[in-house]
Amino acid sequence: MEFEIGDNVVYPHHGAGKVIRKELKEILGERREYLTIKILHNDMTVMVPTENAALAGLRRVIDEETVQKVLGVLQDECSE
Numbered sequence: 002m003e004f005e006i007g008d009n010v011v012y013p014h015h016g017a018g019k020v021i022r023k024e025l026k027e028i029l030g031e032r033r034e035y036l037t038i039k040i041l042h043n044d045m046t047v048m049v050p051t052e053n054a055a056l057a058g059l060r061r062v063i064d065e066e067t068v069q070k071v072l073g074v075l076q077d078e079c080s081e
């Protein structure tokens with residue numbers, strides 16, 4: 002999954018945030034692209050290697066239309 006600057010995201014154990022930067026950084030001799038995420042509820046900044054974003058559980062926030070679909074499915078009675 003590709004993330005862009007300005008994307009609203011959810012980062013496990015930290016909560017909702019916004020991608021504020023994508024940049025190449027050299028850390029421990031390895032040059033990688035990192036996403037910088039501003040966590041909204043506590044003003045913390047987190048950096049995640051782009052290649053590990055999915056593995057770390059980073060995901061986009063769903064829109065209201067998708068929320069309504071999910072709620073509809075959850076409210077349906079199960080048929081066996």
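This note's numbering applies: residue 2 is where the sequence shown begins, and numbers increase by one. Every residue, glycine too, gets a C-beta built ideally from N, C-alpha and C. Since the model is a prediction, treat every value here as computed from it, not as a measurement.
Same chain, Cβ closer than 8 Å to residue i, five either side skipped, listed in chain order
i, result
"Phe4", "Val10, Val20, Lys23, Leu36, Thr51, Ala54, Leu59 and Arg61"
"Ile6", "Val20, Ile21, Arg22 and Lys23"
Identity of the residue in the options nearest residue i by Cα
i, options, result
"Ile38", "Met48, Leu29 and Gly30", "Met48"
"Ile40", "Glu78, Asp8, Gln76 and Ile63", "Asp8"
"His14", "Asn43, Glu34 and Arg33", "Asn43"
Inter-residue spacing [alpha-carbon to alpha-carbon] between residue i and residue j
i, j, result
"Val71", "Gly30", "44 Å"
"Asp77", "Lys26", "48 Å"
"Arg32", "Met2", "20 Å"
"Ala17", "Val68", "16 Å"
"Leu75", "Asp64", "17 Å"
Own chain partners of residue i with C-beta closer than 6 Å, once the 5 adjacent residues on each side are dropped
i, result
"Glu34", "Leu25 and Thr51"
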